[in-house]
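Enquirer: Here's a structure for you.
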Amino acid sequence: MVPSLAPGSSPRLDVTRLAHRLRAEMSIAADPARAAGMQAYMKSTMPYYGVSSPQVDAICKKVFAELSLESCGEWRAAILGLWRGARYREERYAAIRLISLKRHRECWTPELMPVLEEMIVDGAWWDYVDAVAQVVGALLRSHPTEMKPLMREWSTGENTWKRRVSIICQISFKRDTDLELLYANIEPNLADKDFFIRKAIGWSLRAYAWTNPKEVARYVREHEAQLSGLSRREALKNISGSSRG
């Protein structure tokens, strides 16, 4: 169940103060000229302040230091409060950064998944989704029993962005990559014509190719007829001719 923000609860009060502080700091740092370009580049209906990523990091570090959340439930509610109440895209970037706050790392359990799922489905664009996918990957590492079946389920679902996450969640795993899971999640998406799915397939294979280029080359050869040109090019981008077999 996705955490709710009950009226009068301490998380609601904290989130209200948190949102006001973030908005105040981001308004000071705002660059309207940059904002227009950022919004156009990201094809976003939500406006930007025009605050750079390093600036967002600095603002979040400053504002989050003032935040006091006593439980994982309050932390999850604070994340969703920021996400749902965001007026500018950088505020949603701040919500994602709140997830990665080190002092709440013990809260990275499968109970966080409804929050991440909402952000993925509601965000529905690569900047949000790819950042959240890293957290999903960390949960897959630490809670494989619960997470593997969920990623298999996501890989065959209707939502494009959840399928993308199921494919790219192991991007940083290197030798720890569960190839059986990776291939199983790629397989039902091979015929998909969506750019972001095709890119995800190639990207995930390219990431593993740094560890085992011959295995990736073998996989590409055996699925030549099924892989899109984009997926093939991405998968083989960093593999030398001698390793392609």
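Sequential numbering from 3 applies to the sequence shown in the numbering used here. Note that beta-carbon positions come from the ideal geometry of N, C-alpha and C, so glycine has one too.
1. When the Cα atoms are used, what is the spatial distance from residue 173 to residue 68?
2. Please state whether DSSP places residue 233 in a helix, a strand or coil.
3. Beta-carbon within less than 7 angstroms of residue 168's beta-carbon, same chain only, minus the 5 sequence neighbours each way: which residues are those?
4. By the DSSP assignment, the alpha helix (DSSP H) with residue 120 in it spans what residues?
5. To which residues of the same chain is residue 17 closer than 8 angstroms at the C-beta, ignoring the five residues directly before and after it?
6. Between the region 36-49 and the region 103-113, are three or more C-beta pairs nearer than 8 angstroms?
7. Taking the alpha-carbon positions, what's the residue 229 to residue 196 distance?
8. Helix, strand or coil, according to DSSP, for residue 228 in the structure here?
9. Could you give the uninterrupted runs of the alpha helix (DSSP H) lying entirely in the region 127-161, keeping only those of 4 residues or more?
10. How close, in whole Å, do the beta carbons of residue 61 and residue 28 come, if the pair is a contact with beta carbons under 8 angstroms?
11. So the candidates are 74, 93, 43; which of them puts its Cα closest to the Cα of residue 65?
12. Extract the residue ranges of the beta strand (DSSP E) inside the region 47-97, only unbroken runs of 3 or more that lie entirely within it.
13. Would you decide whether residue 97 is buried or exposed? Buried here means 16 or more other CB atoms lie within 10 Å of its CB.
14. Within 10 angstroms of the Cβ of residue 166, are there 16 or more other Cβ atoms? Answer buried if so, exposed if not.
15. If you reduce the DSSP assignment to three classes, tell me which class residue 163 lands in.
16. Measuring CB to CB, does residue 184 end up less than 8 angstroms from residue 150?
17. Return the CA-CA distance between residue 236 and residue 207, expressed in angstroms with no decimal places.
18. Of the choices 43, 209, 63, 38, whose alpha-carbon is the least far from that of residue 23?
19. Taking residue 59 as the reference, give the member of 74, 35, 101, 217 with the closest Cα.
20. Let me confirm a value: residue 51 is counted as buried when at least 16 other C-beta atoms fall within 10 Å, else exposed. Which label applies?
Expert: So, from the data block:
1. 33 angstroms
2. helix
3. 153, 156, 157, 187
4. 115-125
5. 7, 79, 80, 83, 84, 87
6. no
7. 13 angstroms
8. coil
9. 128-144, 146-157
10. 6 angstroms
11. 93
12. none
13. buried
14. buried
15. helix
16. no
17. 8 angstroms
18. 63
19. 101
20. buried
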